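J.: Here full-length UniProt numbering is used: the first residue of the sequence shown is 1, the next is one more, and so on. Every residue, glycine too, gets a C-beta built ideally from N, C-alpha and C. Model, not experiment: these values are computed from the prediction.
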Amino acid sequence: MNKRQILGIAVIAAVIIVPVAIKFTNSKPKIEVELAKVSKKEIQPSILASGNFVFRQQVQLSSEVIGKVSEVLVKEGDKIQQGQVLLRLDPTLIRAEVTQQRAIVRSAQVNIERAQLNVDRQQINADRSRRLAEAKFIDASKYEDAVHQLNVAKVDLHAARESMQQASASLDQALKRLDKTEVKAPISGTVTAVQIKIGETAVASATGMAGSSLMTIADIGSIMAEVNVDEADVAKVAVGQRAKVFPAAFDDQPVAGVVEEVSMAPRANLPGASQGKTYVVKLRLSETTLGIRTGMTCRVEIVTGGGSLRPVLPIQAILTGDSMKLENKGAKESKEALKGAGVVFTVKDGVARKKEVKVGIADDNNQEILSGVVDGDMVVTGPARVLRALRDGDQIQEKKTDTGATKPTGSAASATGSASTAASSSASTTVSAEGKKS
Numbered sequence: 001m002n003k004r005q006i007l008g009i010a011v012i013a014a015v016i017i018v019p020v021a022i023k024f025t026n027s028k029p030k031i032e033v034e035l036a037k038v039s040k041k042e043i044q045p046s047i048l049a050s051g052n053f054v055f056r057q058q059v060q061l062s063s064e065v066i067g068k069v070s071e072v073l074v075k076e077g078d079k080i081q082q083g084q085v086l087l088r089l090d091p092t093l094i095r096a097e098v099t100q101q102r103a104i105v106r107s108a109q110v111n112i113e114r115a116q117l118n119v120d121r122q123q124i125n126a127d128r129s130r131r132l133a134e135a136k137f138i139d140a141s142k143y144e145d146a147v148h149q150l151n152v153a154k155v156d157l158h159a160a161r162e163s164m165q166q167a168s169a170s171l172d173q174a175l176k177r178l179d180k181t182e183v184k185a186p187i188s189g190t191v192t193a194v195q196i197k198i199g200e201t202a203v204a205s206a207t208g209m210a211g212s213s214l215m216t217i218a219d220i221g222s223i224m225a226e227v228n229v230d231e232a233d234v235a236k237v238a239v240g241q242r243a244k245v246f247p248a249a250f251d252d253q254p255v256a257g258v259v260e261e262v263s264m265a266p267r268a269n270l271p272g273a274s275q276g277k278t279y280v281v282k283l284r285l286s287e288t289t290l291g292i293r294t295g296m297t298c299r300v301e302i303v304t305g306g307g308s309l310r311p312v313l314p315i316q317a318i319l320t321g322d323s324m325k326l327e328n329k330g331a332k333e334s335k336e337a338l339k340g341a342g343v344v345f346t347v348k349d350g351v352a353r354k355k356e357v358k359v360g361i362a363d364d365n366n367q368e369i370l371s372g373v374v375d376g377d378m379v380v381t382g383p384a385r386v387l388r389a390l391r392d393g394d395q396i397q398e399k400k401t402d403t404g405a406t407k408p409t410g411s412a413a414s415a416t417g418s419a420s421t422a423a424s425s426s427a428s429t430t431v432s433a434e435g436k437k438s
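1) I'd like the list of long-range same chain contacts for residue 384, defined as Cβ closer than 7 Å, with 5 residues on each side in sequence excluded.
2) May I ask you to report which of helix, strand or coil DSSP gives residue 52?
3) Between which two residues does the beta strand (DSSP E) holding residue 161 run?
4) Would you decide whether residue 268 is buried or exposed? Buried here means 16 or more other CB atoms lie within 10 Å of its CB.
5) Hey, which unbroken runs of the alpha helix (DSSP H) at 4 residues or more fall wholly within the UniProt domain "YknX-like beta-barrel" (225 to 302)?
6) What are the boundary residues of the beta strand (DSSP E) that includes residue 70?
7) Taking residue 101 and residue 167 to be in contact with their CB atoms under 8 Å, please state how far apart those CB atoms are, rounded to whole angstroms.
8) Looking at the strands, I want to know which residues DSSP matches up with residue 345.
9) If you draw a straight line from the alpha carbon of residue 376 to that of residue 291, how long is it in whole angstroms?
10) Which word fits residue 394, buried or exposed, when buried means at least 16 other C-beta atoms lie within 10 angstroms of its C-beta?
11) Tell me residue 368's beta-bridge partners as DSSP assigns them.
12) Determine the extent of the alpha helix (DSSP H) in which residue 388 is found, giving its start and end residues.
13) Pick out whichever of 94, 109, 354 has its Cα sitting closest to the Cα of residue 379.
14) By how many angstroms is the C-alpha of residue 163 removed from the C-alpha of residue 118?
15) Could you compute how far the alpha carbon of residue 74 sits from the alpha carbon of residue 81?
16) Give a yes or no on whether the C-beta atoms belonging to residue 43 and residue 308 are separated by under 9 Å.
17) For residue 63, which beta-bridge partners are listed by DSSP?
18) From residue 352 to residue 396, what distance separates their C-alpha atoms?
19) Going by C-alpha to C-alpha distance, which of 56, 40, 46 sits closest to residue 219?
20) Give the DSSP-derived three-state secondary structure of residue 76 in the structure shown.
21) Taking the C-alpha atoms as reference points, what is the distance between residue 76 and residue 296?
22) Taking 9 Å as the cut-off, decide whether the C-beta atoms of residue 367 and residue 374 are in contact.
23) Put residue 39 into one of helix, strand or coil per three-state DSSP.
24) Which class does residue 449 belong to by DSSP, given the choice of helix, strand or coil?
25) Could you compute how far the alpha carbon of residue 331 sits from the alpha carbon of residue 340?
26) For the beta strand (DSSP E) that residue 189 lies in, which residues bound it at each end?
27) State the DSSP-derived secondary structure class of residue 410, mapped to helix, strand or coil.
28) Quick check on residue 137: buried or exposed, where buried means 16 or more other Cβ atoms within 10 Å of its Cβ?
29) Nearest by alpha-carbon distance to residue 247: which of 277, 213, 201, 294 is it?
30) Using alpha carbons as the reference points, say which of 169, 199, 145, 111 lies closest to residue 159.
31) Pull up the DSSP beta-bridge partners for residue 397, would you.
32) With a threshold of 8 Å, are at least 3 pairs of Cβ atoms found where one atom belongs to the segment 179 to 194 and the other to the segment 52 to 70?
33) Output the distance between the C-alpha atoms of residue 237 and residue 310, rounded to the nearest integer angstrom.
34) Between residue 64 and residue 180, which are expected to be in contact by the criterion C-beta below 8 Å, what is the C-beta distance as a whole number of angstroms?
35) Which value, in whole angstroms, describes the spacing of the CA atoms of residue 12 and residue 29?
36) What does the alpha-carbon distance come out to for the pair residue 239 and residue 85?
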């Protein structure tokens, strides 16, 4: 092959390679996305709610008498039995009151005895005056005076007995207050909190006052979920329905639950809260080894009906509300108008295409698709930031797999293959030409 032929081959190779190189150099890089196929799955109608974990049985102990704490016999975490003494208040003042009331009772008893003796004496005088009056030895008025004195004595006796009852009642109250200086456990369980210390003053129950709360006891083996269900959904909830409970601390480890109680009255709104009504729903949890503690937050998915096969997509694939930008909608359209609608990006020939879809029921992972896409369509599911920024017509390719290979979408695969073939052919031609030249 002469030099002219070699030069001709080189020119032809340059004509093929340079445009291809320029095209690939100047083309916009493809956006890597995650894809999912519209498929039919069993989806059950459910509602979502949030709340926290509470003990089924929990008692907040308060003092019934005022006194300084002299002994605290338990600490947080101690297991206790019903009737066990938990703390003692200083009984000095109340014991003095008991002593005083006992003295008053004894005095009242003496007064009764004195009044009884007076009644007996006046009765004798009245009887004697009656006999003398009948025998005409004294005037009838003397007899009447004796009867009057007897009646006065009886009234005094009755008053003494009433005073005795009052003194006895006061003594009983003092004894009860003395007994209440020992605070005992009303239930068996575990001490979950001790809010008072030795030397502090316990006061009779009064919400919010320092010293009104002594300690908390609970049956820690009976934790349940307590969630707030919106008024629009509470009619769908019934006792016995199954649920999945997702503790915030173990969000990837749901716990099975069953609805045990649905409140009849709405929960009172806090000052400044929205006007929407919520209802408390309590759920019994299945056995779990998770370290769930009271006060932890949780979210709950309550299954409200039977399941059936429906075309679905992962929830994250559907843009709704503020995230969706419909081509034929104005910027001022309200969220209410968009309810039940959404936007997805399908993939065709490596190009993202925006489509409006109508959505139905959802569970915790999937959303039913009523219209807009069909079974088998490929739809962009993420990453979330990429999906929110994606535009109709963007060039995309499926995100790299764990092996590092990129899955081209649509015609991108054939284009990539053609480019590789062209590059290989050109390289072979160049090598041959160089070999011939040498």
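T.: With the given structure in hand:
1) The residue labelled residue 384 in the question sits at position 384 within the sequence shown. Same-chain partners within the cutoff: 316.
2) Here residue 52 refers to the residue found at position 52 of the sequence shown. Looking at residue 52 - three-state DSSP - the assignment turns out to be strand.
3) The sequence position of residue 161 within the sequence shown is 161, counting from 1. Residue 161 -> not in any beta strand (DSSP E); alpha helix (DSSP H) instead, spanning 140 to 179.
4) In the sequence shown, residue 268 corresponds to position 268, counting from 1. Exposed, because fewer than 16 other Cβ atoms sit within 10 Å of the Cβ of residue 268.
5) none
6) Stepping through the sequence shown from its first residue, residue 70 is reached at position 70. Run containing residue 70: 67 to 72, per the beta strand (DSSP E) assignment.
7) Position 101 of the sequence shown, counting from 1, holds the residue named residue 101. Position 167 of the sequence shown, counting from 1, holds the residue named residue 167. Right, the Cβ-Cβ distance comes to about 7 Å (below 8 Å), so this counts as a contact.
8) By one-based count along the sequence shown, residue 345 stands at place 345. 354.
9) Translated into the one-based positions of the sequence shown, residue 376 becomes position 376. Translated into the one-based positions of the sequence shown, residue 291 becomes position 291. If I take the Cα positions, the gap works out to 42 Å.
10) Taking the sequence shown and counting its residues from 1, the one referred to as residue 394 is at position 394. With 16 or more other Cβ atoms within 10 Å, it is buried.
11) Looking up residue 368 in the sequence shown gives position 368. DSSP, once it has assigned bridges, lists 312 as partnering residue 368.
12) As a first step, residue 388 must be located in the sequence shown, where it is residue number 388. Looking at the DSSP string, the run of the alpha helix (DSSP H) that includes residue 388 is 384 to 389.
13) Taking the first residue of the sequence shown as 1, we reach residue 379 at position 379. The shortest Cα separation from residue 379 among 94, 109, 354 belongs to 354.
14) In the sequence shown, residue 118 corresponds to position 118, counting from 1. In the sequence shown, residue 163 corresponds to position 163, counting from 1. If you take the alpha carbons of residue 118 and residue 163, they lie about 17 Å apart.
15) Position 74 of the sequence shown, counted from the start, is the residue given in the question as residue 74. Position 81 of the sequence shown, counted from the start, is the residue given in the question as residue 81. About 12 Å.
16) Translated into the one-based positions of the sequence shown, residue 43 becomes position 43. Translated into the one-based positions of the sequence shown, residue 308 becomes position 308. Taking 9 Å as the Cβ cut-off, residue 43 and residue 308 qualify as a contacting pair.
17) Taking the sequence shown and counting its residues from 1, the one referred to as residue 63 is at position 63. Paired residue(s): 204.
18) As a position in the sequence shown, residue 352 is number 352, starting the count at 1. As a position in the sequence shown, residue 396 is number 396, starting the count at 1. Going by the C-alpha atoms only, they are around 7 Å apart.
19) To locate residue 219, count along the sequence shown from 1; it is residue 219. Residue 56 is the option with its Cα nearest to residue 219.
20) Along the sequence shown, one-based indexing puts residue 76 at 76. The answer is coil: DSSP assigns residue 76 none of H, G, I, E or B.
21) Within the sequence shown, the letter at position 76 stands for residue 76. Within the sequence shown, the letter at position 296 stands for residue 296. Going by the C-alpha atoms only, they are around 18 Å apart.
22) As a working note, residue 367 is residue 367 in the sequence shown. As a working note, residue 374 is residue 374 in the sequence shown. No. Outside cutoff.
23) If you number the sequence shown from 1, residue 39 lands on position 39. Residue 39 falls in the strand class under three-state DSSP.
24) Nothing about residue 449 can be reported from this structure: the residues present for the chain run from 1 to 438 only.
25) Counting from 1 along the sequence shown, the entry for residue 331 is found at position 331. Counting from 1 along the sequence shown, the entry for residue 340 is found at position 340. For residue 331, the predicted model reports a pLDDT of 34, less than 50, meaning its position is unreliable; a value from the coordinates is still stated below. Straight-line Cα distance between these residues: approximately 18 Å.
26) As a working mapping, residue 189 is identified with position 189 in the sequence shown. Where residue 189 is concerned, the enclosing beta strand (DSSP E) stretches over 189 to 194.
27) As a first step, residue 410 is located in the sequence shown; it is residue number 410 there, counting from the start. Note that residue 410 scores 46 on pLDDT, short of 50, meaning its location in the model is unreliable and no value can be drawn from it.
28) To locate residue 137, count along the sequence shown from 1; it is residue 137. So residue 137 ends up on the exposed side.
29) By 1-based counting over the sequence shown, the position of residue 247 is 247. Comparing Cα positions, the closest option is 294.
30) Mapped onto the sequence shown, residue 159 falls at position 159. Residue 111 is the option with its Cα nearest to residue 159.
31) Counted from its first residue, the sequence shown places residue 397 at position 397. Residue 397 is bridged to 32.
32) yes
33) The sequence position of residue 237 within the sequence shown is 237, counting from 1. The sequence position of residue 310 within the sequence shown is 310, counting from 1. Going by the C-alpha atoms only, they are around 22 Å apart.
34) Counting from one through the sequence shown, the residue named residue 64 turns up at place 64. Counting from one through the sequence shown, the residue named residue 180 turns up at place 180. With 8 Å as the limit, residue 64 and residue 180 qualify as a contact, their Cβ atoms being about 5 Å apart.
35) The sequence position of residue 12 within the sequence shown is 12, counting from 1. The sequence position of residue 29 within the sequence shown is 29, counting from 1. Straight-line Cα distance between these residues: approximately 28 Å.
36) In the sequence shown, the residue the question calls residue 239 occupies position 239. In the sequence shown, the residue the question calls residue 85 occupies position 85. So the two alpha carbons sit approximately 38 Å from each other.
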